[in-house]
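2 protein chains.
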Amino acid sequence: MQLPESELAVMDLLWIDAPQTSEALITQLSEARGWQPSTVKTLLSRLVAKGAVRADREGRRFLYWPLWERSQCVSQATRHFLESWFGGQLTPLVAHLSQHRTLRPSERKALAKLLRDLEGTHDA
Amino acid sequence: MQLPESELAVMDLLWIDAPQTSEALITQLSEARGWQPSTVKTLLSRLVAKGAVRADREGRRFLYWPLWERSQCVSQATRHFLESWFGGQLTPLVAHLSQHRTLRPSERKALAKLLRDLEGTHDA
DNA sequence: GATCAAAGTCTACACCTGTAAACCGGAATT
DNA sequence: AATTCCGGTTTACAGGTGTAGACTTTGATC
Numbered sequence: 031m032q033l034p035e036s037e038l039a040v041m042d043l044l045w046i047d048a049p050q051t052s053e054a055l056i057t058q059l060s061e062a063r064g065w066q067p068s069t070v071k072t073l074l075s076r077l078v079a080k081g082a083v084r085a086d087r088e089g090r091r092f093l094y095w096p097l098w099e100r101s102q103c104v105s106q107a108t109r110h111f112l113e114s115w116f117g118g119q120l121t122p123l124v125a126h127l128s129q130h131r132t133l134r135p136s137e138r139k140a141l142a143k144l145l146r147d148l149e150g151t152h153d154a
Numbered sequence: 031m032q033l034p035e036s037e038l039a040v041m042d043l044l045w046i047d048a049p050q051t052s053e054a055l056i057t058q059l060s061e062a063r064g065w066q067p068s069t070v071k072t073l074l075s076r077l078v079a080k081g082a083v084r085a086d087r088e089g090r091r092f093l094y095w096p097l098w099e100r101s102q103c104v105s106q107a108t109r110h111f112l113e114s115w116f117g118g119q120l121t122p123l124v125a126h127l128s129q130h131r132t133l134r135p136s137e138r139k140a141l142a143k144l145l146r147d148l149e150g151t152h153d154a
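Chains A and B supply the protein sequences, listed in that same order.
Numbers in our numbering are just positions in the first sequence, counted from 1, shifted up by 30.
Numbers in our numbering are just positions in the second sequence, counted from 1, shifted up by 30.
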């Protein structure tokens with residue numbers, strides 16, 4: 031469930047659209063990150079090896095599907111991040127951001143709205 | 031400004047209280063993480079090497095001070111994390127947390143209050 | 001059927017990280 | 001002065017990560 035940076039780049043593409051051929055992934059990542067085809071192939075192998083991606087043979091090539099769900103990975107990464115820096119709490123993170131001007135007013139408003147919406151939706 | 035997990039553990043102690051001797055750090059980390067004295071020494075060396083910590087000779091031993099500011103490191107780590115998973119935005123993170131029941135009501139309330147407070151404090 | 005090209009597998013290699021033992025120099029103690 | 005002990009420096013070593021070349025296989029083409 032742990033995804034290093036470069037493997038994440040591959041997963042991100044598969045989460046946007048699946049299945050995809052290595053060719054498609056190579057094209058996108060070559061452009062977006064300047065990676066060589068080999069690099070992408072290696073990453074795909076590693077992802078398949080760790081069970082994050084499934085490779086279905088389709089004729090001569092493979093079709094790659096993400097097996098790990100994005101939301102799962104996000105949860106994991108988020109938990110880890112908050113744990114490491116904010117005692118596992120979200121509030122201190124927001125406090126930090128606001129203290130450092132990193133929380134733009136638009137974001138603050140969006141957040142406030144989101145919280146207002148939640149207030150009703152969720153149970154007490 | 032990048033701090034791997036284990037070095038962060040050392041910094042966390044120095045951010046709580048500085049300066050500290052290696053002995054003090056070793057004691058705490060031996061207890062908290064089960065690390066051998068050598069491990070802590072290695073981490074201190076690495077931190078000094080990368081300029082995150084200063085070692086001031088005091089008689090036979092050193093006193094260690096954090097040079098990197100916690101808030102700086104937090105900002106860096108946060109930016110990186112949000113960038114990696116949420117397109118650099120905070121709102122999607124909160125949305126994710128709320129969708130996955132990871133946002134306890136108490137946290138939600140604390141957050142709402144924080145945002146209300148900010149509303150006045152900050153400029154338009 | 002021989003050949004080519006593309007997709008996949010193996011090998012590589014340097015750097016980072018976690019974890020720690022070995023060693024060394026000087027201060028404290030006997 | 002000899003010995004011990006403690007803090008600091010060096011060396012170690014395996015596993016993960018970024019990045020990619022070399023080699024292999026297999027369908028496609030001449």
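Glycine residues also receive a C-beta, built at the ideal position from the N, C-alpha and C atoms.
Secondary structure of residue i, DSSP reduced to three states
i, result
"glutamine 50/A", "strand"
"alanine 140/B", "helix"
"arginine 90/A", "coil"
"tryptophan 155/A", "Since the first residue of chain A shown is 31 and the last is 154, residue 155/A is not available in this structure."
"alanine 160/B", "Look at the range of chain B in this structure, 31 to 154, and you will see that residue 160/B is not part of it."
"arginine 134/B", "coil"
"tryptophan 115/A", "helix"
"glycine 150/B", "helix"
"leucine 43/A", "helix"
"leucine 120/A", "coil"
"lysine 71/B", "helix"
"glutamine 129/A", "helix"
"glutamine 102/B", "helix"
"leucine 33/A", "coil"
"glutamine 66/A", "coil"
Test item: CB-CB of residue i and residue j under 9 Å
i, j, result
"serine 105/A", "histidine 126/B", "yes"
"alanine 142/A", "arginine 138/B", "no"
"alanine 39/A", "leucine 59/A", "yes"
"cysteine 103/A", "leucine 33/A", "yes"
"serine 52/A", "alanine 107/B", "no"
"threonine 121/A", "alanine 140/B", "yes"
"leucine 77/B", "methionine 41/B", "yes"
Min CB distance residue i to chain A below 9 Å
i, result
"glutamate 53/B", "no"
"glutamine 129/B", "yes"
"tryptophan 98/B", "no"
"alanine 107/B", "yes"
"alanine 154/B", "With a pLDDT of 42 at alanine 154/B, under the threshold of 50, the predicted position of this residue should be treated as unreliable, though the coordinate-derived value follows. It does: the Cβ of alanine 154/B has a partner Cβ on chain A nearer than 9 Å."
Interface flag, residue i vs chain B, CB-CB below 9 Å
i, result
"valine 124/A", "yes"
"alanine 82/A", "no"
"leucine 120/A", "yes"
"leucine 44/A", "no"
"threonine 37/A", "It should be pointed out that residue 37/A corresponds to glutamate in this sequence rather than to threonine. Closer than 9 Å: no."
"leucine 148/A", "yes"
"valine 104/A", "yes"
"phenylalanine 92/A", "no"
"tryptophan 95/A", "no"
"arginine 87/A", "no"
For residue j and residue i, believed in contact at Cβ under 8 Å, the rounded distance
i, j, result
"valine 83/A", "leucine 44/A", "7 Å"
"leucine 123/A", "leucine 112/A", "7 Å"
"histidine 130/B", "serine 36/A", "Not quite, the Cβ-Cβ distance comes to about 26 Å (not below 8 Å), so this is no contact."
"tryptophan 95/B", "proline 49/B", "5 Å"
"leucine 148/A", "serine 75/B", "Leucine 148/A to serine 75/B, Cβ: 47 Å. No contact."
What residues in the stretch 134–145 of chain A bring their beta carbon closer than 8 Å to a beta carbon of chain B? Residues of the stretch 134–145 of chain A whose Cβ lies closer than 8 Å to any Cβ of chain B, in chain order: Pro135, Glu137, Arg138, Ala140, Leu141, Ala142, Leu144, Leu145.
Check each residue of the stretch 56–79 of chain B: if its Cβ is closer than 8 Å to any Cβ of chain A, include it; give the result in chain order. From the stretch 56–79 of chain B, no residue has a Cβ closer than 8 Å to chain A.
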